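These notes are about the structure you will find just below.
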């Protein structure tokens, strides 16, 4: 008997490009708004007086880095789907149904978060007027923690 395979909701499913093209009209600006809010709050918490200028120079690169990191996390989730087919008993798209699925999904969020951290650090280091190292680490870490794809844990069946 063949087990049915379903692709559940993730923040950036590859198949969404051709299946639901109009969804991008909501996903892209929503993600930009969320990244902008996280960056604004990070700069505010650091007491940066130049946050408007920093927002203009950092928001779009951070947004792109976030999508790239989401691609990496999504690829990790697809690898989990492949491995679950081999081992059986769990699927990463039902993270609350099995401990292995929960661990795999958490690792996908962590992989994406680590990617966000290092990509954002690279953007911050490449600025013409770079921030101090401490502030670069704080901003990159806060962006990684807040904008990691936590919605991998959402299940829509």
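Numbering (our numbering), first residue to last: 4 to 160. Ideal placement from N, C-alpha and C gives every residue a C-beta, glycine not left out. The structure displayed is predicted, hence computed values, not measured ones.
Counting only the same chain and skipping the five closest in sequence on each side, list residues whose C-beta sits under 6 Å from that of residue i.
i           : result
residue 35  : 66
residue 28  : none
residue 141 : none
residue 79  : 111, 114
residue 106 : none
residue 145 : 45
Suppose the cutoff is 7 Å on Cβ atoms and the five residues either side in sequence are ignored; what does the same chain contact list for residue i look like?
i           : result
residue 57  : 46, 51
residue 1   : The structure shown does not extend to residue 1, since the chain is modelled only from 4 to 160, so the question has no answer here.
residue 150 : 37, 38, 41, 69, 119
residue 62  : 38, 39, 42
residue 153 : 112
residue 87  : 93, 94, 95
residue 138 : 49
At which residues does the alpha helix (DSSP H) containing residue i begin and terminate?
i           : result
residue 144 : 136–150
Using 10 angstroms around the beta-carbon of residue i, count the other beta-carbons present and answer buried if the total reaches 16, otherwise exposed.
i           : result
residue 111 : buried
residue 98  : buried
residue 147 : buried
residue 143 : buried
Can you list, in chain order, the residues of its chain whose CB lies under 8 Å from that of residue i, leaving out five sequence neighbours each side?
i           : result
residue 92  : 101, 103
residue 135 : none
**Message:** Going residue by residue through the segment 43–117, where are the continuous alpha helix (DSSP H) segments of at least 4 residues, counting only ones entirely within it?
**Reply:** Whole alpha helix (DSSP H) segments, 4+ residues: 54–90.
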